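Chemist:
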Amino acid sequence: MGLTRVSGLLFGGDYNPEQWPEHVWDEDARLMAEAGVNMATVAVFSWSRLEPSPGEYDFGWLDRILDLLHEHGVAADLATATATPPPWLVREHPEVLPVDAGGTRLDFGSRQSYCPSSPVFREATVRLARAMAERYADHPALAMWHIGNEYADHTLECFCEESARHFRRWLQARYGSVQGLNAAWGTSCWGQHYTAFDQVNPPRKAPGPVNPAQVLDWRRFCSDALLECFELEKAVLREVTPDIPVTTNFMSILHGLDYWKWAEAEDIVSDDAYPDPADPASHVAVALSYDLMRSLRRQPWILLEQASSAVSWREVNAPKPPGMMRLHSLQALAHGADGAMFFQWRQAKYGPEKFHSALLPHGGTASRGWQDTLRLGADLGRLAEIAGSQTRADVALLLDWDSWWGLEAPESMPSNRLRLKELLQSWYGPMHARGIAVDLVPMGRDLSGYRVVIAPNLYMCTPEQAEWLAAFGGHLVVGPFSGVVDPADQIHDGGAPGPLRELLGLTVDEFWPLPDGQLQRVRFGTGDGGAPAVPARTWAEWLRVEDAEVLARYEGGDLDGQAAITRRGRATYLSCLLDDVTPVLSEVLAAAGVQPVAEVPHGVEATRRGRYLFLLNHSTAPAPVDLREPGTDLLTGRHLSGRIDIPPRDAVVLRTGAEPTEGER
Numbered sequence: 001m002g003l004t005r006v007s008g009l010l011f012g013g014d015y016n017p018e019q020w021p022e023h024v025w026d027e028d029a030r031l032m033a034e035a036g037v038n039m040a041t042v043a044v045f046s047w048s049r050l051e052p053s054p055g056e057y058d059f060g061w062l063d064r065i066l067d068l069l070h071e072h073g074v075a076a077d078l079a080t081a082t083a084t085p086p087p088w089l090v091r092e093h094p095e096v097l098p099v100d101a102g103g104t105r106l107d108f109g110s111r112q113s114y115c116p117s118s119p120v121f122r123e124a125t126v127r128l129a130r131a132m133a134e135r136y137a138d139h140p141a142l143a144m145w146h147i148g149n150e151y152a153d154h155t156l157e158c159f160c161e162e163s164a165r166h167f168r169r170w171l172q173a174r175y176g177s178v179q180g181l182n183a184a185w186g187t188s189c190w191g192q193h194y195t196a197f198d199q200v201n202p203p204r205k206a207p208g209p210v211n212p213a214q215v216l217d218w219r220r221f222c223s224d225a226l227l228e229c230f231e232l233e234k235a236v237l238r239e240v241t242p243d244i245p246v247t248t249n250f251m252s253i254l255h256g257l258d259y260w261k262w263a264e265a266e267d268i269v270s271d272d273a274y275p276d277p278a279d280p281a282s283h284v285a286v287a288l289s290y291d292l293m294r295s296l297r298r299q300p301w302i303l304l305e306q307a308s309s310a311v312s313w314r315e316v317n318a319p320k321p322p323g324m325m326r327l328h329s330l331q332a333l334a335h336g337a338d339g340a341m342f343f344q345w346r347q348a349k350y351g352p353e354k355f356h357s358a359l360l361p362h363g364g365t366a367s368r369g370w371q372d373t374l375r376l377g378a379d380l381g382r383l384a385e386i387a388g389s390q391t392r393a394d395v396a397l398l399l400d401w402d403s404w405w406g407l408e409a410p411e412s413m414p415s416n417r418l419r420l421k422e423l424l425q426s427w428y429g430p431m432h433a434r435g436i437a438v439d440l441v442p443m444g445r446d447l448s449g450y451r452v453v454i455a456p457n458l459y460m461c462t463p464e465q466a467e468w469l470a471a472f473g474g475h476l477v478v479g480p481f482s483g484v485v486d487p488a489d490q491i492h493d494g495g496a497p498g499p500l501r502e503l504l505g506l507t508v509d510e511f512w513p514l515p516d517g518q519l520q521r522v523r524f525g526t527g528d529g530g531a532p533a534v535p536a537r538t539w540a541e542w543l544r545v546e547d548a549e550v551l552a553r554y555e556g557g558d559l560d561g562q563a564a565i566t567r568r569g570r571a572t573y574l575s576c577l578l579d580d581v582t583p584v585l586s587e588v589l590a591a592a593g594v595q596p597v598a599e600v601p602h603g604v605e606a607t608r609r610g611r612y613l614f615l616l617n618h619s620t621a622p623a624p625v626d627l628r629e630p631g632t633d634l635l636t637g638r639h640l641s642g643r644i645d646i647p648p649r650d651a652v653v654l655r656t657g658a659e660p661t662e663g664e665r
C-alpha cells in the first residue's frame, strides 16, 4: 500500500503548531506553499493537548491545522500522538513508567516515558488511535498514519514486574515448557535450573554475568514487545481507515529492534538519519543505512527526518556548510527514497530542541537556511519523475538481528571488540567508493538475483541457513567468528564454523582475539615478494584446513604460517579482520563480473535508480567524471556527455536513455 494523495517526491517536515500562537499558523502555511512543501508530520507529541483528561478530547486546534494545510496543498503524515503519554496518565498510573535494570522507576519529564508491556499504556494508546482515526478518516489532508515515534530511542526495555510477567508469557509461547526453557538456556550452568516459569525474571542487575541465552531472548522479547504496541494501534487504523498507509520512523541500523520483522508490519518504510557534518566519512555510514531501508521491503522508502543544519544533542553540534543540506537530501533519493523530509519545519523557541535546526530557522526568511529550503524545494520538484524508480544490485550484505544480538552479548565473549556495524561497514565502504550497488538481505531471502553475497559475520547459524547459503550459485564471502552457535546461543558440536564446515572446507581450531594495539600481518600468495602483507587487527583464528585452497597466510607472530584466508569452490572465508578488504573484494567482484554504475574519483558517490544516474560530490573540490552515456541533468536541464566537472558538494542527476539490462548492471 503506497501513498495515493501525494504525487512526486515528498518534501516537508515535523510541524509542531501547538508550540506557536495561532497567528503564526497562517504564515507557516503560506511559507510551506512558497517552499514547495507537500507533506507535514503533525501531532507526534500532542497526546496531552489532544486528550487533556481521560476520555476528554480537544481536537479543535488540530482540525484547524489540517484544514489550513489542505488549503495550501500540504498533506498530513498524521501521528497517533502516542509517542509520549500525558502527565495525567503517568500520575494516575505510575506503573506505566519504565523501570531500569537496577530497579529504579524512571520519572516523567522527557519522552517515551512508558513501559512497553503496560496494559494501561497500551489500552490508552489504542483508545486515542481510535479517536484520531474516527475523527480524521475522511479528512482530505490525511495521506499517511504515523504510529509512535523512533521506537526504542529512549525506552527499549523495562524491567518492572509487568514486563517480567510479559516476558514469561513470551518464553512459554516460545519454549512450551520450563524443561524446554532449561534446555535452551543451559541452566545447568551456575545452578540456574528453573522448575516453573514464574521463577524467571528479566536479566536485571545481578552480582555477576547474566546467562547470555537469557539476555539473547530478552533482546528478542524487547523488540517484539514494542512491535506489539505498534501493531495494536495499526489494527485500529486499518479497521477505520483501511486505505491509508501506516508507517513509523526507523533509526537507521538500530541494534535494539529487528527491522526485518518490523518492516513486514509497515506499509511504507521511513527512516530518521542524522549524519555528523563534522565527520567527513559520515555519508558512507548513512548510505549503508539508506540501502537497508530500501532493502527492507524492496521498494521506495521515505527519509522522514533529517537536520537542515545542526542538531541539538551531540557534545558539539556542528552546522552543515553550504550545499550539504541539499547534498544529503539528494543522497537519500539516490539510495531509493521517495521523499526528503526534516525535523523540523519551524525552529523551536524552547525545550531540549530549541537549538536544533529547521527548514524555517530562528532568523526567518532572511536566513541562509531559508534560502537552502527554497532551493531544495525547487530541486525536488525538478526530480519528481524519479519517484517509484528502483535500484538493482548484484551484491548482497547479510544482516541478521539474532546473530547480531548474540555477537554483542555484554559479557563472556572471546572479545568484545567485534561490532557488527563496523564489520558491515568494512565491506560496504570499499564498494560504496567504487559505485557498486549493494542490497542488505535477511537470512532466507531469495538470493537468485545476486552475483555476490557477503556475510561479514554469522555468529549464529543453523543447518537450514547453511543449506540456504550452499544453494546460492554465486560467490560467497564469510567473515570470521561465524557458525559458532545455534539460536539458543549454544556452541555447535565440533566447534566453529558449525553447519558451515562442509561449505567452507575447514574447522576453527582456536579463536585468537588480538589485544588492543596488536596487529597480525596477512600475506597473500606464496610470500615470495608478491603483494605486500595486509595488517589485521582485533581478531584472528587458528584454522584447520580440510578441503579448501589457502589464499593467504598469517606472517609473523604466534600464527606465523597458519592459513588466514581460504576458498572452497566459490566460498571464501576470512578468519581475521583486515584493515582493508580490497584484495579479497577486488578478486571476488572481478570473478563475479560485478561492475560499478560509473567510474568515479575519490569523494564522488555514484548510484543508479532505473534510468537515473546520481553523481554526488561529497568533497570540497571539483570532481571530474567521464560519463559512459549521455543524458539530461534533471537539476539544471543541461544535456551532458563525455567528461564533466561536478562542483564541490554538488550533484548531477542524469536521466539516461534507458534502464540498464541485467547483463549491463
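For the sequence shown, the residue numbers in the UniProt record's numbering are 1 to 665.
C-beta: ideal position from N, C-alpha, C; glycine also.
Predicted model, so just to flag it, every value in this text is computed and none were measured.
What do you get for PRO54, buried or exposed, if any count of 16 or more other CB atoms within 10 angstroms of its CB means buried?
Modeler: Along the sequence shown, one-based indexing puts residue 54 at 54. PRO54 should be labelled exposed.
Chemist: Checking the sheet assignment: what are the DSSP bridge partners for TRP404?
Modeler: For the purposes of this step, residue 404 is taken as the residue at position 404 of the sequence shown. Paired residue(s): none; TRP404 is not in a bridge.
Chemist: With DSSP as the reference, label ARG182 as helix, strand or coil.
Modeler: Here residue 182 refers to the residue found at position 182 of the sequence shown. What sits at residue 182 in the sequence shown is Asn, not Arg. Note: ASN182 maps to helix in three-state DSSP.
Chemist: Quick one: grab the DSSP three-state call for SER53.
Modeler: Along the sequence shown, one-based indexing puts residue 53 at 53. Reduced to three states, the DSSP call for SER53 is strand.
Chemist: Which partner residues does HIS146 have in the DSSP bridge list?
Modeler: One-based indexing of the sequence shown puts residue 146 at position 146. Bridge partners of HIS146: ALA79 and THR247.
Chemist: Could you tell me the boundaries of the beta strand (DSSP E) in which GLU549 lies?
Modeler: Position 549 of the sequence shown, counted from the first residue, corresponds to residue 549. Run containing GLU549: 549-555, per the beta strand (DSSP E) assignment.
Chemist: Please tell me whether ASN249 and ASN149 are closer than 8 Å, where the distance is taken between their beta carbons.
Modeler: Taking the sequence shown and counting its residues from 1, one reaches residue 249 at position 249. Taking the sequence shown and counting its residues from 1, one reaches residue 149 at position 149. Contact flag set, yes.
Chemist: Along the beta strand (DSSP E) that carries GLN520, what are the first and last residues, could you check?
Modeler: Within the sequence shown, residue 520 is the residue found at index 520, counting from 1. Segment 519-524, the beta strand (DSSP E) holding GLN520.
Chemist: For GLY363, which of helix, strand or coil comes out of DSSP?
Modeler: Walking along the sequence shown from the start, residue 363 turns up at place 363. Residue state, collapsed to three classes: coil.
Chemist: Would you list the one or two residues that DSSP bridges to TYR350?
Modeler: As a first step, residue 350 must be located in the sequence shown, where it is residue number 350. For TYR350, which the question treats as bridged, DSSP gives no partner whatsoever.
Chemist: Which of helix, strand or coil does DSSP assign to ILE65?
Modeler: For the purposes of this step, residue 65 is taken as the residue at position 65 of the sequence shown. Correct three-state label for ILE65: helix.
Chemist: With which residues is MET341 paired in a DSSP beta bridge?
Modeler: Here residue 341 refers to the residue found at position 341 of the sequence shown. For MET341, which the question treats as bridged, DSSP gives the partners GLY12.
Chemist: Could you pull the start and end residues of the alpha helix (DSSP H) that TRP370 belongs to?
Modeler: Walking along the sequence shown from the start, residue 370 turns up at place 370. Here the alpha helix (DSSP H) through TRP370 covers 368-382.
Chemist: Between the region 212-222 and the region 396-416, can you find at least three pairs of beta-carbon atoms closer than 8 Å?
Modeler: Yes, they touch.
Chemist: Could you tell me if GLN344 is buried or exposed, where buried requires 16 or more neighbouring beta carbons within 10 angstroms of its beta carbon?
Modeler: For the purposes of this step, residue 344 is identified with residue 344 of the sequence shown, where counting begins at 1. Flag for GLN344 reads buried.
Chemist: Ordered along the chain, which non-local residues of its own chain (more than five positions away) have a Cβ less than 6 Å from that of THR4?
Modeler: The residue labelled residue 4 in the question sits at position 4 within the sequence shown. If we look at THR4 and ignore the five residues flanking it on each side, it has no Cβ neighbours.
Chemist: Note down, one range per segment and in chain order, each alpha helix (DSSP H) of at least 4 residues found wholly within the region 275-324.
Modeler: If we require 4 residues or more, the alpha helix (DSSP H) runs fully inside the region 275-324 come out as 282-296.
Chemist: Evaluate contact between the region 293-306 and the region 328-340, counting only Cβ atoms and requiring at least three cross-stretch pairs below 8 Å.
Modeler: Because the criterion of three Cβ pairs below 8 Å is met, the region 293-306 and the region 328-340 touch.
Chemist: As a quick exercise: from VAL42, PHE11 and LEU9, pick the residue whose alpha carbon is nearest that of GLU18.
Modeler: Translated into the one-based positions of the sequence shown, residue 18 becomes position 18. Looking at the Cα atoms, VAL42 is the closest of the given residues.
Chemist: For LEU519, which residues of its own chain have a beta-carbon under 7 Å away from its beta-carbon, when the five flanking residues on both sides are left out?
Modeler: For the purposes of this step, residue 519 is identified with residue 519 of the sequence shown, where counting begins at 1. Cβ neighbours of LEU519 beyond the five flanking positions: PRO535, ALA536 and ARG537.
Chemist: Going by Cα to Cα distance, which pick from HIS154, PRO207, PRO85 and PRO280 is closest to MET251?
Modeler: Numbered from 1 along the sequence shown, position 251 holds the residue referred to as residue 251. Cα-wise, what sits closest to MET251 is HIS154.
Chemist: Just checking my contact of SER289 with ASP271 at CB under 8 Å: how many whole Å lie between their CB atoms?
Modeler: Against the sequence shown, residue 289 aligns to sequence position 289. Against the sequence shown, residue 271 aligns to sequence position 271. Going by Cβ atoms, the distance from SER289 to ASP271 rounds to 7 Å, so yes, they are a contact pair.
Chemist: Tell me the DSSP bridge mates of GLY631?
Modeler: What you label residue 631 is simply residue 631 of the sequence shown in a count that begins at 1. Paired residue(s): LEU640.
Chemist: What residue does the beta strand (DSSP E) around TYR573 start on, and which one ends it?
Modeler: Residue mapping note: residue 573 aligns to position 573 of the sequence shown, counting from 1. That run of the beta strand (DSSP E) goes 571-574.
Chemist: Rounding to the nearest angstrom, what Cα-Cα distance links ALA75 and VAL286 in this structure?
Modeler: Against the sequence shown, residue 75 aligns to sequence position 75. Against the sequence shown, residue 286 aligns to sequence position 286. Rounded to the nearest angstrom, the two C-alpha atoms are 27 Å apart.
Chemist: Suppose you measure from the CA of GLU662 to the CA of GLY610; what does that come to, to the nearest Å?
Modeler: Position 662 of the sequence shown, counted from the start, is the residue given in the question as residue 662. Position 610 of the sequence shown, counted from the start, is the residue given in the question as residue 610. With a pLDDT of only 47 at GLU662, under 50, the local geometry of the prediction cannot be trusted, and the value read off the model is given with reservation. If you take the alpha carbons of GLU662 and GLY610, they lie about 11 Å apart.
Chemist: Would you please state the rounded distance, in angstroms, between the beta carbons of LEU418 and LEU458? I believe it to be under 8 Å.
Modeler: Mapped onto the sequence shown, residue 418 falls at position 418. Mapped onto the sequence shown, residue 458 falls at position 458. That belief does not hold up - the Cβ atoms of LEU418 and LEU458 are roughly 12 Å apart, past 8 Å.
Chemist: To the nearest whole angstrom, what separates the beta carbons of GLY2 and ILE244, a pair I think is in contact under 8 Å?
Modeler: As a first step, residue 2 must be located in the sequence shown, where it is residue number 2. As a first step, residue 244 must be located in the sequence shown, where it is residue number 244. Actually they do not touch by this definition, with Cβ atoms about 11 Å apart.
Chemist: Could you check where the beta strand (DSSP E) with ALA455 kicks off and where it finishes?
Modeler: Sequence index remark: in the sequence shown, residue 455 carries index 455 (1-based). Unbroken beta strand (DSSP E) run through ALA455: 452-455.
Chemist: Suppose the cutoff is 6 Å on Cβ atoms and the five residues either side in sequence are ignored; what does the same chain contact list for GLY429 look like?
Modeler: Translated into the one-based positions of the sequence shown, residue 429 becomes position 429. Correct list, in chain order: VAL284.
Chemist: Give the straight-line distance between the Cα atoms of GLY561 and ARG219, rounded to the nearest whole angstrom.
Modeler: On the sequence shown, residue 561 is found 561 positions in, with the first residue counted as 1. On the sequence shown, residue 219 is found 219 positions in, with the first residue counted as 1. The straight-line gap from Cα to Cα measures roughly 40 Å.
Chemist: Taking 7 Å as the cut-off, is the CB of ASN38 close to at least one heavy atom of the ligand MG?
Modeler: Of the ligands one can find in the structure shown there are none, so the ligand MG has no counterpart to examine.
Chemist: Quick one: using the 10 Å Cβ neighbour count with 16 as the cut-off for buried, is ARG523 buried or exposed?
Modeler: Your numbering for residue 523 matches position 523 in the sequence shown. It is buried - the Cβ of ARG523 has at least 16 other Cβ atoms within 10 Å.
Chemist: Taking all protein chains shown into account, do 16 or more other C-beta atoms lie within 10 angstroms of the C-beta of ARG665, making it buried, or fewer, making it exposed?
Modeler: Translated into the one-based positions of the sequence shown, residue 665 becomes position 665. Caution is warranted here: a pLDDT of 37 is assigned to ARG665, below 50, making its placement in the model unreliable, and the coordinate value is therefore given only provisionally. The residue in question, ARG665, is buried, as its Cβ has 16 or more Cβ neighbours within 10 Å.
Chemist: According to DSSP, is residue 671 helix, strand or coil?
Modeler: Shown here, the chain extends from 1 to 665; a query on residue 671 therefore has no answer.
Chemist: Determine the DSSP secondary structure at VAL481, reduced to helix, strand or coil.
Modeler: Taking the first residue of the sequence shown as 1, we reach residue 481 at position 481. The question names Val, but residue 481 is Phe in the sequence shown. In the structure shown, PHE481 sits in coil (DSSP, three-state: anything other than H, G, I, E or B).
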